[in-house]
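*Asks:* Residues 438 to 1320 in our numbering are what the first sequence lists, from first letter to last.
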Amino acid sequence: MSNIAKTYEPQQFEKTIYKDWETSGNFHTTAEAKGEPYCIVIPPPNVTGQLHMGHALDETLQDILIRWHRMKGDNTLWMPGTDHAGIATQAKVEESLRAEGTNRYELGRKKFLERVWQWKEKFGNRITYQLRTLGSSCDWDRQRFTMDEGCSAAVRKVFVQLYNEGLIYRGTRITNWCPKCNTALSDIEVEHENEKGHLWHLRYPFADGSGYIEVATTRPETMLGDTGVAVHPDDERYKNLVGKMLILPLVNREIPLFADDYVDKEFGTGAVKVTPAHDPNDFEMGMRHNLPQIKVITNEGKMTEGLGKYSGLDRYECRKQIVADLEAAGVLVGIEEHEHAVGHCSRCHTTVEPLISKQWFVKMESLAAPAIDAVKTGKLKFVPERFTKIYINWLENIRDWCISRQLWWGHQIPAWYCDDCGKMIVSETDVEECPHCHGKNLHRDEDVLDTWFSSALWPFSTLGYPEDTPELKKFYPTNVLVTGYDIIFFWVARMVMMGLKFRGEVPFKHVFIHGLVRDDQGRKMSKSLNNGVDPVEVIEKYGADSLRFMLVTGNTPGNDLRFYWSRVESARNFANKIWNASRFLLMNLENADKNFRPTHDDLELSDRWIMTRLRKVGVNVSKSLERFELGEAARYLYEFIWFEFCDYYIELTKSRLYGDDIRAKSTALFVLSSVLECALRLLHPFMPFLTEVIRRQLPNVEGSIMLADYPTGEEFGDLLTAEDDNVEEMTDVILNTVKCIRNLKSEVGIDSRKKVAVVLKVLRNEYSDVLNEYKNYISELAVVEPITFAEEKPAHAISGVVEGVEIYLPLDGVIDMDKEIARLTKELEKVRKGASVTAGKLKNERFIGKAPAEVVEGERVKLAAAEEKISTLEQRIAQLSAL
RNA sequence: GGGGUUGUAGCUCAGAUGGUUAGAGUGCCUCGUUGACAUCGAGGAGGUCACAGAUUCGAGUUCUGUCAGCCCCACCA
C-alpha cells in the first residue's frame, strides 16, 4: 500500500468504480427481491438537455436517499428516464432546420418527426451518461422515455377514459396563444410580468349624435374588434345611457353600450371597450350579452384580412398606426402612464395573445378535490411543510387545463373526425372506419398533448401501467419525489391528481422539495447571463464526491443555494483528509496482523471513546436522514471524521503504532480500521466513489460498500460495555486540559511543538485515575513533558483552570507577573459574569418551580463548576499578588 | 391585490420539538517542514442573532407589527 497516492485524485478511480457498479448489476432490482420496497422515480430530464447544476443537486439528493435505503436492506428501485419535452425539443430541431434554410412545414409532419427522432437518438442518452458521472445508482435496465411504447399506451388509455367520463372535452374558448411558438398554452405556461405601458383615453360617439362616452384601453389596436362598450349597472354617470348605440371610430360600426357587473366603476373612466375575440374578460362579457366575436389578430400576431390599411401589420406596428389615426380623428383625448401585468410565453418570452380557438381541456375540479384531500389527511407530505400551502392554494383555485398544443412532437391526440358524417371518435387504437356511418374518410386530430400530460402519469407509466405488472404492485405508491419548487404546479400536483384517479393512491408519500442552485452572486444560472457552472467541469476538476458533498452541505431543504468554487474546494479537502487518514492506516497495516481482534481489556480510553462517539454519530446521521435533513447528516460526518477521528484519535494511536508493544499496536490498528470502515459506510451515500475505493483496501471486508449494512449505532458489540458510559466525560477532561495547555503556550509565545513541563492539580477525585493513567495523551497532544501532579502551586508559572483540573506551566524568568495577573483577572471577570447569570436563575423561585428538573440540575452543576473556577482563579491571583 | 421566504462573524450559510459560554466553511492575524495530509496542524481576532413589542422562569428559536431584499400567485380594461 505504500504506493497509494499522496493526495486524493478522483480522476484516477471514479470512472472505473462506476463501471464496476454498473456491471455488477447491483443497481438493478426486481419486484421479487427481498426487503421493504423503496422507490423513487426520477424527474425525467429533457431528452435534448445536458446536465446542469439543478440536475446535479436533484440527482445527488435522490442518490443519497437511494443508497442509504439500499444499504439498509430495502428493496430499492431508482427508476430512470427522460422526457420528450415537446416545445423545447421541437424548437431545437426547427432551429437546425432553419440553419439548413428550410422549415417543418416544407418538410411535412412525417419527415419532420423522423428528424426529431433522429435528434432524440443522437442526444437522447447524453444526459443519462452525464448522470453516471455523478454516481447516480439508477436501475438503468429499466430506463424509460415519455414517448416510448408503454408511456404512449398509458397516455392513450388515460385520455380515452377521461374523455368517456366527460373530464376531457373539446371546446372553442379564448386561450393563451404564443404567436412565435404558434401554439396554445396552459395558464401556468404564461408568466406575468409588470410592464410600463399606457392607458389611452378614447371618445366613442353616440350614434344619435348626442355626445360621446370616454373609454380607456391599454391595447388600442384591439378596438378594431370592439363589439360593445360596458359600464357598471349601478354607475350613476352612465345609468341613463345604457342601451344606446355608439359608433366605433375608424371602423364606423354600430356597437351597443351595455351594463355588466364585471366593470369596475373606479378604474379609468368606468367604461370599458369590449373585444370578445382578444380578451378573456371581454370574451366572458361577450358571451353574456351575445356580442359578436370579431377576430382582428392572427395566430402569428398580425392584423387579419379585411381591415383595410391595417391588414397584415404586426400587432405593435398596428398599435402605433391606430394611435396616430385616432389622434388625427380627434378621438384620442389623453394618454396616461400605466403599469400593468403582461403575459409572456414561458418558453420564448413572447407576449402572449389571448385568442379564440378550438382546444382540448381537462376539467380539473373533480380531479383536484382528492389531491387536496390527500395532503390534508397526511397521505402526502411536503418537505418542508410550507409547500403544502402553495400546493393547496393552487389546486383550490384551479381552472381547466388546456392540453392541446399545435405542435408535431408529442403524443398526438387520439381523436378522429369522420369526413362523411362529421362525428368525432376518441379511441385508444387507430380508427379506420367510422362506427357511426361506416365511412372510411377519417382524419386524425392534428394536435399533440401538453408534455406535462405524459409527465403526470410518470410514476405509474414507468412501473408498467397500463399493464398490471408486479413492479406496479410492489413499488406503487413510490416513497419520495425529489424535485425543485419550480415545478410543483406543472408536475407534482398533476401527478398526484392522475395517480389518485388512475391508481386510487397517491403516487408518492413524500415530496422532498429543494431550491435552485444560483451563482456566487445569488443570480439564477442562465444561458443569457452565461453564468452557469457546468457540473461536468466541476467533476473533472474536483471529483463527483466533492461536488455532491458541496451541494448537500450548508443548505436547508427548500432553500436556494449558491455555488462557490471555494466550497467545492473545501469539500475536496475533506475528501483528501479522508484519503490521507486511510493512507496512514494502510501504511501502518502493511506489516501487521490484520486478523487480530482485541478484547475489551486491550482497549484504551481513546479506543472506547472513538467507538462511543461513532455510535452516536451513526444514530444522529440516521435520524437526520429520516427527517430529510441531508445537510445535517453530512455535517455530523464531517465533524466526526475530521475533528474527532483525525485530529484526536489518529494522533493518540501514534505512540502505540510506533511503539514496541505488538498487542497494543494491533489493538490500535483494529480500532482505527473498524472505526474508519464504519464511518465510510455512513458516508457512502454522500461520497460513494471515495468510500468504495478506500473500503476495498481495508482488511476483512468483502463486497461492494453499496451493499454493506448501514450502521445502526450498535456497532462493536461487546467491545463496549455499560462501564464505558462515562468515556466521553473522562475524555473531555483530558481534551479540555490539552486545549488549555495549548492555549497557554500560544499566549506566551512558546512554539507549539516545543516540550515544556506542566504541573496539574486535580480538583476532583473521580478524575485522578484517568488523568494519571492517560497523562501520555496530554503530553502527546499538547506537547508537554514532564507532567507532574502536585498539591502546591508553583509560583513562577502561568496557569489555567478547566473543569476539575488546575494547570500550571512553570516558566521561571519568562513570565511577566503583572501581565499574568491581568490575564487571570480578565478570565475571572468572564467566569464571574457567567456565574452570576446562572446564580440569578437558581435564585428565581419561578425558574426552580417551572423549569424541568433536569434543566435546573444542569444549572446547579454549571454553577458549581463556575464557582470552582472562580475560587481557583481568586487564590491564584492572591498568590501572585503576594509575591 | 393576495401568499411565501430571507435578514445570525468581513463573505456564504448551519442552528427539529424555546433551556450550556450562538457554530461551521471561507477570508483575516500569529506561529509551525519530526514519516497520513501545507488540499495540513496549533492558537487568535471577529456577532447587542434586522428593528420594536408580546408570550414565558427563560426567546436566535413562538406570536404580532415595522423596515429591507428575493420569489410565487392574480382576467381590472
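Don't be surprised by glycine CBs; every beta carbon is placed ideally from N, CA and C. As the structure is a computational prediction, the values presented were derived from the model and not from experiment.
Within a Cβ cutoff of 6 angstroms, which residues of the same chain sit near residue 835, ignoring the five residues on either side of it in sequence?
*Replies:* Taking the first residue of the first sequence as position 1, residue 835 is located at position 398. So the list reads 801, 805, once near-sequence residues are dropped.
*Asks:* Quick check on the burial criterion: 16 or more other C-beta atoms within 10 angstroms. Buried or exposed for residue 1041?
*Replies:* In the first sequence, the residue the question calls residue 1041 occupies position 604. Here residue 1041 is buried: its Cβ has 16 or more other Cβ atoms, across all protein chains shown, within 10 Å.
*Asks:* Leaving aside the five residues before and after residue 1320 along the sequence, list all residues of the same chain whose C-beta is less than 8 angstroms from its C-beta, in chain order.
*Replies:* Reading the first sequence from its first residue, position 883 is the one you call residue 1320. The answer, listed in chain order, is 1232, 1254.
*Asks:* Among all the DSSP beta bridges, which residues are the ones paired with residue 710?
*Replies:* Looking up residue 710 in the first sequence gives position 273. DSSP, once it has assigned bridges, lists 666 as partnering residue 710.
*Asks:* Where in the stretch 563 to 604 do unbroken runs of the alpha helix (DSSP H), each at least 4 residues long, occur, reported from the N-terminal end onward?
*Replies:* 563 to 571, 586 to 601
*Asks:* What residue from 475, 492, 477 has the CA that sits closest to residue 483's CA?
*Replies:* On the first sequence, residue 483 is found 46 positions in, with the first residue counted as 1. Closest by alpha carbon: 492.
*Asks:* Would residue 1002 be called buried (16 or more neighbouring beta carbons within 10 Å of its own) or exposed?
*Replies:* Mapped onto the first sequence, residue 1002 falls at position 565. Label assigned to residue 1002: exposed.
*Asks:* What residues match up with residue 1100 in a beta bridge as DSSP calls it?
*Replies:* For the purposes of this step, residue 1100 is taken as residue 663 along the first sequence, with counting starting at 1. Looking at the DSSP output, residue 1100 sits in no beta bridge, so it has no partner there.
*Asks:* Please state whether the Cβ-Cβ distance between residue 1224 and residue 1200 is less than 8 angstroms.
*Replies:* What you label residue 1224 is simply residue 787 of the first sequence in a count that begins at 1. What you label residue 1200 is simply residue 763 of the first sequence in a count that begins at 1. No. Outside cutoff.
*Asks:* Mind checking which residues open and close the beta strand (DSSP E) that includes residue 1194?
*Replies:* The residue you call residue 1194 lines up with position 757 of the first sequence. Start and end: 1193 to 1199.
*Asks:* Skipping 5 residues on each side, what residues in its chain have a beta carbon closer than 6 angstroms to that of residue 697?
*Replies:* Numbered from 1 along the first sequence, position 260 holds the residue referred to as residue 697. 667, 722, listed in sequence order.
*Asks:* Note down the Cα distance separating residue 1035 from residue 1212, rounded to an integer number of angstroms.
*Replies:* If you number the first sequence from 1, residue 1035 lands on position 598. If you number the first sequence from 1, residue 1212 lands on position 775. For residue 1035 and residue 1212, the distance between alpha carbons rounds to 23 angstroms.
*Asks:* Using only CA atoms, which one of 690, 655, 458, 748 lies nearest to residue 434?
*Replies:* A question about residue 434 goes unanswered here, because the residues of the chain that appear run from 438 up to 1320.
*Asks:* Bridge partners for residue 651 per DSSP, in chain order?
*Replies:* Taking the first residue of the first sequence as 1, we reach residue 651 at position 214. Bridge partners of residue 651: 640.
*Asks:* Can you name the residues that DSSP bridges to residue 1150?
*Replies:* Mapped onto the first sequence, residue 1150 falls at position 713. Answer is none; residue 1150 lacks a bridge partner.
*Asks:* I believe residue 777 touches residue 977 by the beta-carbon criterion, under 8 angstroms. Please report the beta-carbon distance rounded to the nearest angstrom.
*Replies:* Within the first sequence, numbered from 1, the residue matching residue 777 stands at position 340. Within the first sequence, numbered from 1, the residue matching residue 977 stands at position 540. No, residue 777 and residue 977 are not in contact; Cβ-Cβ is about 48 angstroms, not under 8 angstroms.
*Asks:* Taking residue 1245 as part of the beta strand (DSSP E), name the residues at either end of that continuous run.
*Replies:* Stepping through the first sequence from its first residue, residue 1245 is reached at position 808. It spans 1242 to 1247 - the beta strand (DSSP E) in which residue 1245 sits, taken as one unbroken run.
*Asks:* Taking only the alpha-carbon atoms, compute the straight-line gap between residue 780 and residue 623 and give it to the nearest angstrom.
*Replies:* Position 343 of the first sequence, counted from the first residue, corresponds to residue 780. Position 186 of the first sequence, counted from the first residue, corresponds to residue 623. Taking the straight line joining both Cα atoms gives about 12 angstroms.
*Asks:* If you drop the 5 nearest sequence neighbours on each side, which residues of the same chain put their C-beta closer than 7 angstroms to that of residue 591?
*Replies:* Along the first sequence, read from residue 1 onward, the residue named residue 591 stands at position 154. Answer for residue 591: 894, 898, 902, 903, listed in chain order.
*Asks:* Which residue from 1101, 565, 1116 puts its Cα closest to that of residue 1029?
*Replies:* Taking the first sequence and counting its residues from 1, the one referred to as residue 1029 is at position 592. When each option's Cα is compared against that of residue 1029, the closest is 1101.
*Asks:* So, under 8 angstroms CB-CB, residue 799 and residue 838 are touching, yes? Tell me the CB distance rounded to an integer number of Å.
*Replies:* Numbered from its first residue, the first sequence carries residue 799 at position 362. Numbered from its first residue, the first sequence carries residue 838 at position 401. Rounded, the Cβ-Cβ distance is 4 angstroms, consistent with contact.
*Asks:* Can you name the start and end residues of the alpha helix (DSSP H) that residue 514 belongs to?
*Replies:* Counted from its first residue, the first sequence places residue 514 at position 77. Counting along the chain, residue 514 falls outside any alpha helix (DSSP H), though it belongs to the beta strand (DSSP E) covering 512 to 516.
*Asks:* Below 8 angstroms between beta carbons: does that hold for residue 944 and residue 907?
*Replies:* Sequence index remark: in the first sequence, residue 944 carries index 507 (1-based). Sequence index remark: in the first sequence, residue 907 carries index 470 (1-based). Result no, Cβ atoms of residue 944 and residue 907 do not sit closer than 8 angstroms.
*Asks:* With a threshold of 16 other CB atoms inside 10 Å of the CB of residue 872, please say whether the residue is buried or exposed.
*Replies:* Along the first sequence, one-based indexing puts residue 872 at 435. Burial call: exposed.
*Asks:* Do residue 747 and residue 661 have their C-beta atoms closer together than 8 angstroms?
*Replies:* Position 310 of the first sequence holds residue 747. Position 224 of the first sequence holds residue 661. In this structure, residue 661 lies closer than 8 angstroms to residue 747 by Cβ.
*Asks:* Ignoring anything shorter than 3 residues or poking outside the stretch 835 to 882, list the beta strand (DSSP E) runs there in chain order.
*Replies:* 852 to 855, 861 to 863, 879 to 881
*Asks:* With distances taken Cα to Cα, identify the nearest neighbour of residue 657 among 730, 669, 769, 676.
*Replies:* Taking the first residue of the first sequence as position 1, residue 657 is located at position 220. Nearest option by C-alpha distance: 769.
*Asks:* In whole angstroms, what is the alpha-carbon distance linking residue 456 and residue 513?
*Replies:* Along the first sequence, read from residue 1 onward, the residue named residue 456 stands at position 19. Along the first sequence, read from residue 1 onward, the residue named residue 513 stands at position 76. Taking the straight line joining both Cα atoms gives about 20 angstroms.
*Asks:* Ordered along the chain, which non-local residues of its own chain (more than five positions away) have a Cβ less than 8 angstroms from that of residue 449?
*Replies:* Stepping through the first sequence from its first residue, residue 449 is reached at position 12. Excluding residues within five positions, the ones whose Cβ falls inside 8 angstroms are 442.
*Asks:* Do the CB positions of residue 952 and residue 996 come within less than 8 angstroms of each other?
*Replies:* For the purposes of this step, residue 952 is taken as residue 515 along the first sequence, with counting starting at 1. For the purposes of this step, residue 996 is taken as residue 559 along the first sequence, with counting starting at 1. A contact, by the Cβ cut-off of 8 angstroms.
*Asks:* Hey, which unbroken runs of the alpha helix (DSSP H) at 4 residues or more fall wholly within the stretch 713 to 775?
*Replies:* 717 to 725, 752 to 765
*Asks:* Please report how far the alpha carbon of residue 1116 lies from the alpha carbon of residue 551, in whole angstroms.
*Replies:* Position 679 of the first sequence, counted from the start, is the residue given in the question as residue 1116. Position 114 of the first sequence, counted from the start, is the residue given in the question as residue 551. The straight-line gap from Cα to Cα measures roughly 52 angstroms.
*Asks:* Indicate the three-state DSSP secondary structure (helix, strand or coil) for residue 786 in the structure shown.
*Replies:* Sequence index remark: in the first sequence, residue 786 carries index 349 (1-based). Coil at residue 786, not helix or strand.
*Asks:* Give the DSSP-derived three-state secondary structure of residue 520 in the structure shown.
*Replies:* Residue numbering aside, residue 520 sits at position 83 when the first sequence is read from its first letter. Residue 520: strand per DSSP, three-state reduction.
*Asks:* DSSP three-state label for residue 1204, please.
*Replies:* Position 767 of the first sequence, counted from the start, is the residue given in the question as residue 1204. In this structure, residue 1204 counts as helix in the three-state DSSP scheme.
*Asks:* Assign residue 1138 to one of three DSSP states: helix, strand, or coil.
*Replies:* Taking the first residue of the first sequence as position 1, residue 1138 is located at position 701. Correct three-state label for residue 1138: coil.
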